[in-house]
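First up is the structure itself, then whatever we jot down about it.
Number of protein chains: 2
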Amino acid sequence: MKIEDYTTMSPREVRARIRDGQISGQTSGMCAGYAQANLVVLPASYAYDFLLFSQRNPRSCPLLEVSDTGSRFLKEIADGADIAREIPRYRVFRDGILAGEYTDVSEFWQEDFVSFLIGCSFSFEAELLDARVPVRHIEEGRNVPMYRTNIPCTPAGIFHGSMVVSMRPIPYELVPRAVQVTGAMPRVHGAPIHIGCPEAIGIADISHPDFGDMVTIHAGEVPVFWPCGVTPQNVVMESKPSLAITHAPGHMFITDIRNTELKY
Amino acid sequence: MKIEDYTTMSPREVRARIRDGQISGQTSGMCAGYAQANLVVLPASYAYDFLLFSQRNPRSCPLLEVSDTGSRFLKEIADGADIAREIPRYRVFRDGILAGEYTDVSEFWQEDFVSFLIGCSFSFEAELLDARVPVRHIEEGRNVPMYRTNIPCTPAGIFHGSMVVSMRPIPYELVPRAVQVTGAMPRVHGAPIHIGCPEAIGIADISHPDFGDMVTIHAGEVPVFWPCGVTPQNVVMESKPSLAITHAPGHMFITDIRNTELKY
């Protein structure tokens with residue numbers, strides 16, 4: 522079944538199919554108009570440090586919801602959703618090392634877990650398309666390309682590391698419009714963090730993303746970089762908490778919140 | 522010495538005079554163009570709950586900075602400022618009860634204190650004035666009127682309570698402009714939370730604010746209410762942590778950040 526089939530489906534329906542194991546792929550373009558979210562789950566002993574890290578790094582970690590300690594079920598962005606089963610693909614990190622990918626993490630759930638849901642740049646892609654700004658990875662049916670950078674995050678407690686960015690090639694004449702459209706949505710990463718020179722932010726080879734897929738950059742287009750909610754995964758790898766569960770890059774939690782609501 | 526004398530002074534100079542005891546009054550209008558901030562200081566055992574409370578209530582508690590545990594000195598919004606001495610007037614709450622007001626709280630400082638600096642609506646007043654929207658309490662040389670409401674905050678851990686709002690009378694024809702100007706500044710409370718009917722948000726008598734001073738509402742003007750950083754004081758009074766230190770309403774911390782920076 523192709524991704525396009527899920528474009529007009531409700532988040533609740535898509536999440537049910539994810540829960541049932543019918544969907545395990547990346548979620549870009551699904552449930553058009555609804556916000557998607559990145560996930561970080563940590564034991565409570567790390568929760569203060571990570572909450573503070575998010576407060577200090579709102580460009581890469583804009584929090585949409587933080588669960589009550591021990592609860593697998595969300596309230597604000599998708600009432601009653603089971604965070605351990607309604608994401609198509611999870612990553613489990615032990616001591617900062619990727620231990621495995623899973624389509625369901627309920628077997629790993631602990632009574633002291635706290636879930637952090639972080640805004641995702643997929644939310645502004647519908648707005649970019651509405652404004653006639655092309656979104657290449659949607660055109661090409663791929664995952665968005667993501668890169669580690671040399672942009673330092675502000676540390677908090679045990680958490681430290683550098684920012685991960687997503688990249689979209691934008692025609693030169695549409696770059697100002699892309700900045701304005703996304704700048705109006707700070708809860709889903711907002712304006713670009715860098716425009717034009719990958720080397721300046723520590724990206725040695727634009728053709729080999731660290732996460733996701735490469736997309737075509739046409740003549741007359743410039744690579745534009747936005748802070749990315751995969752940043753916490755990079756931070757987890759550098760900071761080495763004993764246990765962390767995240768989504769797999771591009772495989773997001775689909776919320777019941779309309780993207781437009783996130784402007785206010 | 523009149524408040525106007527401090528309008529063009531730098532935040533660093535004004536804070537030095539506060540530290541030296543030369544200024545102990547309210548700070549509205551001081552250091553034009555620079556952001557002011559509300560303060561909540563709590564022992565570390567309450568810090569996670571309060572940080573989560575702020576995340577869940579960004580309209581009333583937009584965090585500008587959270588200190589490292591035990592540090593009296595800020596980094597981001599006023600590098601090196603001593604948070605225990607550079608606010609003109611503090612309030613100390615014990616078990617939710619106001620125990621006293623002080624011009625210096627260094628004698629109460631504990632090694633486990635965490636300071637939360639929260640955006641203040643004073644920041645958008647310069648923008649309102651620039652847009653030719655009147656700000657009555659500045660015109661009248663008073664503190665802004667603030668009210669307890671029946672608008673519930675989203676609880677987090679031990680913290681719960683209702684929102685406090687600030688009020689500015691706005692001529693009917695300028696209300697849309699006031700919404701647009703302030704809506705562009707979410708880190709300092711953003712757009713109004715209510716326009717026009719004090720009773721609808723639990724304010725029985727507009728002429729008697731719970732904090733600050735009453736101001737004149739002229740014919741043809743409507744009371745407009747914004748979420749207020751005094752909300753945490755109301756929450757402290759309801760939630761009764763063993764110890765909390767706040768600023769006194771209207772007596773703010775003056776940051777080195779330009780209000781305009783807070784738009785991005």
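Respectively, the protein sequence lines represent chains R and D. All letters in the first sequence, in the order written, are residues 522 to 785 by my numbering. All letters in the second sequence, in the order written, are residues 522 to 785 by my numbering. Cβ atoms here follow ideal geometry from the backbone N, Cα and C, with glycine treated the same way. Since the structure is predicted, the reported quantities are computational estimates derived from the model, not experimental observations.
{"Query": "Sort I775/D, S763/D, T781/D, H729/D by Cα distance to V562/D and report the nearest one.", "Result": "S763/D"}
{"Query": "Between which residues of its own chain and I738/R is the CB-CB distance below 7 Å, once the five residues before and five after are set aside?", "Result": "P690, P744"}
{"Query": "Using the Cβ count rule (16 or more neighbours within 10 Å means buried), how would you classify T781/D?", "Result": "exposed"}
{"Query": "Going straight from the alpha carbon of G617/R to that of I679/R, what length do you get?", "Result": "12 Å"}
{"Query": "List the whole-angstrom C-beta distance separating I544/R from P583/R, where the pair is believed to meet the contact cut-off of C-beta under 8 Å.", "Result": "That belief does not hold up - the Cβ atoms of I544/R and P583/R are roughly 25 Å apart, past 8 Å."}
{"Query": "Among S760/D, S588/D, D570/D, R580/D, which residue has its Cα nearest to the Cα of R577/R?", "Result": "S588/D"}
{"Query": "In whole angstroms, what separates the C-alpha of E720/D from that of A553/D?", "Result": "34 Å"}
{"Query": "Taking 8 Å as the cut-off, does the region 663-674 of chain D touch the region 765-773 of chain D (at least 3 CB pairs, one atom from each stretch)?", "Result": "yes"}
{"Query": "Scan the region 599-634 of chain D and note each continuous beta strand (DSSP E) run of 3 residues or more that stays entirely inside, going in chain order.", "Result": "611-615, 618-623"}
{"Query": "Would you tell me roughly how many angstroms separate the C-alpha atoms of A556/D and C641/R, rounded to the nearest one?", "Result": "29 Å"}
{"Query": "Using a Cβ-Cβ distance cut-off of 7 Å, determine whether L783/D contacts chain R.", "Result": "no"}
{"Query": "From the DSSP output, in three-state form, read off V696/D for me.", "Result": "helix"}
{"Query": "Pair every Cβ in the region 705-712 of chain R with every Cβ in the region 645-652 of chain R, then say whether three or more of these pairs are closer than 8 Å.", "Result": "yes"}
{"Query": "Kindly indicate which residue of V700/D, S627/D, G717/D has the alpha-carbon position closest to the one of L649/D.", "Result": "V700/D"}
{"Query": "On the criterion of 16 or more Cβ atoms from any shown chain inside 10 Å, does S581/D qualify as buried, or is it exposed?", "Result": "buried"}
{"Query": "With a threshold of 7 Å between beta carbons, is Y501/D in contact with chain R?", "Result": "A query on residue 501/D cannot be resolved here, the shown segment of chain D reaching from 522 to 785 and no further."}
{"Query": "Leaving aside the five residues before and after D731/R along the sequence, list all residues of the same chain whose C-beta is less than 8 Å from its C-beta, in chain order.", "Result": "M667, Y668, R669, V685"}
{"Query": "With the cut-off set at 7 Å, would you say A605/R and R593/R are in Cβ contact?", "Result": "yes"}
{"Query": "In whole angstroms, what is the alpha-carbon distance linking F637/D and S531/D?", "Result": "23 Å"}
{"Query": "Is there a Cβ from chain D that is less than 7 Å from the Cβ of S587/R?", "Result": "Per the sequence shown, residue 587/R should be read as Val rather than Ser. V587/R counts as touching chain D."}
{"Query": "So the candidates are L783/D, K784/D, Y785/D, T776/D; which of them puts its Cα closest to the Cα of F601/D?", "Result": "Correcting the residue type first, residue 601/D is Gly in the shown sequence and not Phe. If we check each option's Cα against that of G601/D, T776/D comes out closest."}
{"Query": "Compile a chain-ordered list of the residues in the region 572-586 of chain R whose CB is closer than 7 Å to at least one CB of chain D.", "Result": "L572, L573, Q576, L584"}
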